[in-house]
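One structure is given here, and the rest of the page talks about it.
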Amino acid sequence: MNTSNINPTMTQLGKVRSVIRETFEYGNKRAKEIGRENVFDFSLGNPSVPAPEIVDDTICGLIKTGDSVQLHSYTSAQGAEPTRAAIAEDINRRYNAGIDKNDIYMTCGAAASLTVSIHALACEGDEFITFAPFFPEYKVFVNAAGATLTVIPADTENFQIDFDTFVSAISPKTKAVIINTPNNPTGVVLSESTITRLCEILKAKSEEFGAPIYLISDEPYRELVYDNTTVVPYLTNCYDYTLVCYSYSKSLSLPGERIGYIVVCNKMPHHEDVYAAVCGAGRALGFVCAPAMMQKVIVSALGTTSDISVYKTNRDLLYNALTEYGYKCVHPDGAFYLFVKALEDDAAAFCEKAKEYDLLLVPSDSFGCKGYIRIAYCVTTDMIRRSLPAFKKLAETYGK
Numbered sequence: 488m489n490t491s492n493i494n495p496t497m498t499q500l501g502k503v504r505s506v507i508r509e510t511f512e513y514g515n516k517r518a519k520e521i522g523r524e525n526v527f528d529f530s531l532g533n534p535s536v537p538a539p540e541i542v543d544d545t546i547c548g549l550i551k552t553g554d555s556v557q558l559h560s561y562t563s564a565q566g567a568e569p570t571r572a573a574i575a576e577d578i579n580r581r582y583n584a585g586i587d588k589n590d591i592y593m594t595c596g597a598a599a600s601l602t603v604s605i606h607a608l609a610c611e612g613d614e615f616i617t618f619a620p621f622f623p624e625y626k627v628f629v630n631a632a633g634a635t636l637t638v639i640p641a642d643t644e645n646f647q648i649d650f651d652t653f654v655s656a657i658s659p660k661t662k663a664v665i666i667n668t669p670n671n672p673t674g675v676v677l678s679e680s681t682i683t684r685l686c687e688i689l690k691a692k693s694e695e696f697g698a699p700i701y702l703i704s705d706e707p708y709r710e711l712v713y714d715n716t717t718v719v720p721y722l723t724n725c726y727d728y729t730l731v732c733y734s735y736s737k738s739l740s741l742p743g744e745r746i747g748y749i750v751v752c753n754k755m756p757h758h759e760d761v762y763a764a765v766c767g768a769g770r771a772l773g774f775v776c777a778p779a780m781m782q783k784v785i786v787s788a789l790g791t792t793s794d795i796s797v798y799k800t801n802r803d804l805l806y807n808a809l810t811e812y813g814y815k816c817v818h819p820d821g822a823f824y825l826f827v828k829a830l831e832d833d834a835a836a837f838c839e840k841a842k843e844y845d846l847l848l849v850p851s852d853s854f855g856c857k858g859y860i861r862i863a864y865c866v867t868t869d870m871i872r873r874s875l876p877a878f879k880k881l882a883e884t885y886g887k
């Protein structure tokens, strides 16, 4: 049968998974062959610590005592008003951001937050800018909205922003800039001076071009920081044309529940139109009414996180061991990823070599920064300990 009348881009996306998902599926296959305990799978950013007790307790309480019809009913398209009000109050308590419930749009996790925000802003011919290394799906999301993604090469000295290259890349076609801090895949937190300089440039360029350049802040890892590191400042306090995309997947270990939100800064001119565009994009993409029960659950868990001390233990154990073995690692202050220089120029070939030791690592090419690998250390501490001899043997094959 002739299938030439279906979308070839979507067909290709469906047939060719991301390298992260391909590695994860290879791990599932390998586990069936040699046993899950013998596969050291560091591919997927899937939280490995349980959700806080309040999450399960709230779910049980709602199911046992709540009205089942109401519990599982639709909410308002943009999310239940009590949930949005509670989130606004929590943001204001922590960051004094002046957020109102009507600035918040509930979403099905971070991917929905990003795709809705990008579709709300994108017009034909627009360009979005992001900084390598970056989450590979940004390109998919931006292209699907009919725009193009410009990538600023990584500053591999400190993984902050190469401002000279950034400034030269901004044009009248630039609609928005996407940042992610703490960063996936490096775990690096953008410094306050970096954020301040970024916002100064965006303000100046917006005035120069006579049109706003929006800032999309992708923040699922905001609470996952270590050693008294803080993620500052809250972006709506720094730049009026900001949209904050948030997910509870990482902070509350709820990736499968798909719950998050968008904040549209209420200080931007034409705020109501931008918020309406977010609502319209949610409608067009079918992302209205985020999961109703989870909207109730997260209200009970505001201000709490999963036990992120486990991730710090994992980070320290893995970072210290790998650097001892001769690997060069970017020191992560947040998230749960280690960005490691591959021991040969071709990161994909290095990851294939690692499979000989059943180490499943993700090459960095799709993150826009060649020559590195990403290790997701959101796994059990025991698995990390058991994997260390394999990492050492792998290094020894390269003369380390």
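Throughout, my numbering is defined as the position within the sequence shown, counted from one, plus 487. Just so it is clear, CB atoms sit at the ideal spot from N, CA and C, and this is done for glycine as well. Please read these numbers as outputs of a predicted model, since none were measured by experiment.
Please list, in chain order, all residues of the same chain as residue i whose beta carbon is under 8 Å from its beta carbon, the five residues on each side excluded.
{"i": "Asn884", "result": "The sequence as given places Thr at residue 884; Asn does not occur at that position. Closer than 8 Å at Cβ, skipping near neighbours: Lys840."}
{"i": "Ala575", "result": "Ile586, Asp587, Lys588, Asp590 and Ile591"}
{"i": "Leu893", "result": "In this structure the chain extends from 488 to 887, so residue 893 is not present and cannot be described."}
{"i": "Asn579", "result": "Gly585 and Ile586"}
{"i": "Ile546", "result": "Met780 and Val784"}
{"i": "Pro569", "result": "Val786"}
{"i": "Phe628", "result": "Ala598, Leu601, Thr602 and Ile605"}
{"i": "Met755", "result": "Pro699, Asp727, Tyr728, Thr729 and Val761"}
Let me know the secondary structure DSSP gives residue i once reduced to three states.
{"i": "Cys449", "result": "Lying outside 488 to 887, the shown extent of the chain, residue 449 is not represented and no answer is given."}
{"i": "Gly612", "result": "coil"}
{"i": "Ala538", "result": "coil"}
{"i": "Gly501", "result": "helix"}
{"i": "Phe511", "result": "helix"}
{"i": "Gly548", "result": "helix"}
{"i": "Ile795", "result": "coil"}
{"i": "Val761", "result": "helix"}
{"i": "Ile466", "result": "For residue 466 there is no data in the structure shown, the boundaries of the chain being 488 and 887."}
{"i": "Asp543", "result": "helix"}
{"i": "Cys838", "result": "helix"}
{"i": "Gly821", "result": "strand"}
{"i": "Met755", "result": "coil"}
{"i": "Gly886", "result": "coil"}
{"i": "Phe774", "result": "coil"}
{"i": "Leu789", "result": "coil"}
{"i": "Asp727", "result": "coil"}
{"i": "Lys737", "result": "coil"}
{"i": "Ser555", "result": "helix"}
{"i": "Ala564", "result": "coil"}
{"i": "Tyr721", "result": "coil"}
{"i": "Gly674", "result": "coil"}
{"i": "Ile871", "result": "helix"}
{"i": "Asp832", "result": "coil"}
{"i": "Gly743", "result": "helix"}
{"i": "Val627", "result": "helix"}
In chain order, what residues of the same chain have a beta carbon less than 6 Å from the beta carbon of residue i, not counting five sequence neighbours either side?
{"i": "Thr637", "result": "Glu614, Ile616 and Ala656"}
{"i": "Thr723", "result": "Ala584, Thr729 and Cys752"}
{"i": "Gly855", "result": "Ala619, Pro620, Phe621 and Val638"}
{"i": "Arg709", "result": "Val718"}
{"i": "Val866", "result": "Ser535"}
Identify, in the order they occur along the chain, each residue of the same chain with its Cβ nearer than 7 Å to the Cβ of residue i, setting aside the five sequence neighbours on each side.
{"i": "Leu549", "result": "Leu558, Met780 and Lys783"}
{"i": "Thr716", "result": "Val676, Asp820 and Gly821"}
{"i": "Ile682", "result": "Pro720 and Cys725"}
{"i": "Thr594", "result": "Ser600, Val603, Gly747, Tyr748, Ile749, Phe774 and Ala777"}
{"i": "Lys660", "result": "Gly612, Asp613 and Glu614"}
{"i": "Thr810", "result": "Cys816"}
{"i": "Ser560", "result": "Ala779"}
{"i": "Ala572", "result": "Lys588"}
{"i": "Arg517", "result": "Val526 and Asp845"}
Would you check if the distance between the CB atom of residue i and the CB atom of residue j is smaller than 8 Å?
{"i": "Ser874", "j": "Leu730", "result": "no"}
{"i": "Tyr808", "j": "Leu739", "result": "Here residue 808 is Ala; the residue named in the question, Tyr, does not match the sequence. Taking 8 Å as the Cβ cut-off, Ala808 and Leu739 do not qualify as a contacting pair."}
{"i": "Asp705", "j": "Asn645", "result": "no"}
{"i": "His816", "j": "Tyr824", "result": "With the sequence shown as reference, residue 816 is identified as Cys, and His is not the correct amino acid for it. Cβ distance not < 8 Å, so Cys816 and Tyr824 don't count as in contact."}
{"i": "Leu846", "j": "Phe878", "result": "yes"}
{"i": "Val718", "j": "Pro669", "result": "yes"}
{"i": "Ile860", "j": "Ser851", "result": "yes"}
{"i": "Ala771", "j": "His606", "result": "yes"}
{"i": "Ala899", "j": "Tyr814", "result": "Since the displayed the chain opens at 488 and closes at 887, residue 899 lies outside it and no answer follows."}
{"i": "Lys799", "j": "Tyr735", "result": "no"}
{"i": "Phe511", "j": "Tyr864", "result": "no"}
{"i": "Tyr844", "j": "Lys887", "result": "no"}
{"i": "Gly596", "j": "Arg745", "result": "yes"}
According to DSSP, what are the bridge partners of residue i?
{"i": "Arg861", "result": "Phe826 and Val849"}
{"i": "Ala663", "result": "Phe615 and Tyr701"}
{"i": "Ile766", "result": "A small correction: the amino acid at residue 766 is Cys; Ile does not occupy that position in the sequence shown. DSSP, once it has assigned bridges, lists no residue as partnering Cys766."}
{"i": "Phe527", "result": "Leu846"}
{"i": "Cys435", "result": "No information on residue 435 is available, as it lies outside the stretch 488 to 887 that the chain covers here."}
{"i": "Cys816", "result": "Val827"}
How about residue i: is its Cβ closer than 7 Å to a heavy atom in the ligand PLP?
{"i": "Leu805", "result": "Ligands displayed in this structure: none; no statement on the ligand PLP is therefore possible."}
**Prompt:** Where are the alpha helix (DSSP H) runs, 4 residues long or more, that stay fully inside the segment 570-623, in chain order?
**Reply:** 596-608
**Uninterrupted beta strand (DSSP E) stretches inside the segment 629-660 (no shorter than 3 residues)** = Listed in chain order, they are 635-639.
**Item:** Entirely enclosed beta strand (DSSP E) segments - the segment 679-713, minimum 3 residues
**Value:** 701-705
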